[in-house]
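Beneath this line is the structure, given in structure tokens, with notes to follow.
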Ligand SMILES: [Zn+2]
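In our numbering, the protein residues as written are 143 to 551.
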């Protein structure tokens, strides 16, 4: 039951506390406050010095099973060309053999080194479950379904539901169904996923939406690079009618937008789409570094915040980014939207992600009763504005997990 003394404490649910103390017990936060001169110092107090202690971060969107692709997909300026490269490489998965599970395990360890306490993991195979459980990394595993031909929807959904039911998670690693994207999921499959989700009222779901200009074009009139891709893959369905509306409206018409949904990317969203997202209570998950590298474009971060949407942040997969550093995504958001207060950017990487994933009971803020999965970030002396410092880019070498600092004593 140690007590820590720290330079800065960031509860997130209240302003940062300079010169703070924090007490934990049996994996939970007990109490914390400001240290005043002359305060009683308990004999078990551990002085961590110039560090900022904050909740372990939430990576709300990644694909751990693609970790073996790190460094193998070149940056692109055309999203569909990038996607074609991923599809081509994924067809060689079998040749990768044992590399795939090893890369998943390495990625989970890497996420932890970068200060991640909770992951929103999108998986087609559910190969990540075992590793997440084994490595004690809390996560929501979104079992992602794809299928553009409408006549396959019922079978794809039934198979997906059966896989989720069979998956052996834990109370910290849960499973749910998600849809890939409007250009790869038929309206019938969106409907089947929605029906399945209605049977599990607290389950979250996720979808890639408004990622590229090609997606907007495809939904407008059914043409463009996605139509060509579906033709090439042999999955084009001639019975599909282009909805002639924006991506958010398309999902809303199908009843897929609600407060449980994580809408990932939104690079192409305009104010009316953001307004509709806010009205439905969905969370917008931004992955800015990946968006730029895949050729999807630059996400309008300032507009996201102006809309009042709940915003979380993810790294996306190692197919598109060099590492799983959530602090680097936050720094990218800061670069793209310098006027957004640092406090709001830190909320995206903590409390907003935890709520979006349904783990707000345990993660996202420093409050009595929450889990003590907290990180201590070394700060090179006493910095004047700790929130600004933390959104300026933090590397793994600066991060220590609070529980492991006691073991070192
Ligand atoms: Zn993704």
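Just so it is clear, CB atoms sit at the ideal spot from N, CA and C, and this is done for glycine as well.
Legend entry - Contact belief for residue 507 with residue 280 at Cβ below 8 Å, rounded distance in angstroms: Reading the chain shown from its first residue, position 365 is the one you call residue 507. Reading the chain shown from its first residue, position 138 is the one you call residue 280. The pair is not a contact, with the Cβ atoms about 15 Å apart (cut-off 8 Å).
Inset, instruction - Would you tell me roughly how many angstroms separate the C-alpha atoms of residue 347 and residue 267, rounded to the nearest one? - result: Here the question's residue 347 lines up with position 205 in the chain shown. Here the question's residue 267 lines up with position 125 in the chain shown. Taking the straight line from one Cα to the other gives about 16 Å.
Legend entry - contact_flag[the stretch 373-390, the stretch 428-441] where n(CB pairs < 8 Å) is 3 or more: Cβ pair count under 8 Å is below three, so no.
Legend entry - Cutoff 7 Å; reference residue 486; Cβ partners in own chain excluding five residues on either side: Reading the chain shown from its first residue, position 344 is the one you call residue 486. Cβ neighbours of residue 486 beyond the five flanking positions: 447.
Inset, instruction - Just grab the DSSP bridge partners of residue 517 for me. - result: On the chain shown, residue 517 is found 375 positions in, with the first residue counted as 1. BP columns for residue 517 point to 196, 543.
Inset, instruction - State yes or no: is the C-beta of residue 188 within less than 8 Å of the C-beta of residue 151? - result: One-based indexing of the chain shown puts residue 188 at position 46. One-based indexing of the chain shown puts residue 151 at position 9. No, Cβ-Cβ distance for residue 188 and residue 151 is not below 8 Å.
Legend entry - For residue 391, three-class secondary structure by DSSP: Locating residue 391 in the chain shown gives position 249, counting from the first residue. Note: residue 391 maps to helix in three-state DSSP.
Inset, instruction - Using DSSP bridges, identify the partner residues of residue 585. - result: Missing from the structure shown is residue 585; the chain here goes from 143 to 551 and no further.
Inset, instruction - Could you have a look at residue 187 and say whether DSSP puts it in helix, strand or coil? - result: What you label residue 187 is simply residue 45 of the chain shown in a count that begins at 1. Residue state, collapsed to three classes: strand.
Inset, instruction - Quick one: which unbroken alpha helix (DSSP H) runs of 4-plus residues sit fully inside the stretch 286-366? Chain order, please. - result: If only uninterrupted alpha helix (DSSP H) runs of at least 4 residues are considered, those enclosed by the stretch 286-366 are 295-308, 329-340, 355-363.
Inset, instruction - Compare the beta carbon distance of residue 322 and residue 306 with 8 Å and say whether it is the shorter of the two. - result: By one-based count along the chain shown, residue 322 stands at place 180. By one-based count along the chain shown, residue 306 stands at place 164. In this structure, residue 306 does not lie closer than 8 Å to residue 322 by Cβ.
Legend entry - For residue 174, the first and last residue of its enclosing beta strand (DSSP E): Reading the chain shown from its first residue, position 32 is the one you call residue 174. Residues 170-176.
Inset, instruction - Could you work out which residue in 169, 420, 416 is closest to residue 514 when comparing CA atoms only? - result: Taking the first residue of the chain shown as position 1, residue 514 is located at position 372. Nearest of 169, 420, 416 to residue 514, Cα basis: 169.
Inset, instruction - Leaving out five residues on either side along the sequence, give the residues of the same chain with a beta carbon under 7 Å from the beta carbon of residue 543. - result: Stepping through the chain shown from its first residue, residue 543 is reached at position 401. For residue 543, where only same-chain residues beyond five positions count, the Cβ hits under 7 Å are 517.
Legend entry - Same chain, Cβ closer than 8 Å to residue 173, neighbours up to 5 away in sequence not counted: As a first step, residue 173 is located in the chain shown; it is residue number 31 there, counting from the start. Counting only residues of its own chain and dropping the five nearest sequence neighbours on each side, residue 173 has a CB closer than 8 Å to the CB of 164, 165, 510.
Inset, instruction - Please report how far the alpha carbon of residue 391 lies from the alpha carbon of residue 175, in whole angstroms. - result: Here residue 391 refers to the residue found at position 249 when the chain shown is read from its first residue. Here residue 175 refers to the residue found at position 33 when the chain shown is read from its first residue. Approximately 46 Å, taken between the alpha carbons.
Inset, instruction - Please report how far the alpha carbon of residue 476 lies from the alpha carbon of residue 300, in whole angstroms. - result: Here the question's residue 476 lines up with position 334 in the chain shown. Here the question's residue 300 lines up with position 158 in the chain shown. For residue 476 and residue 300, the gap between their C-alpha atoms comes out near 42 Å.
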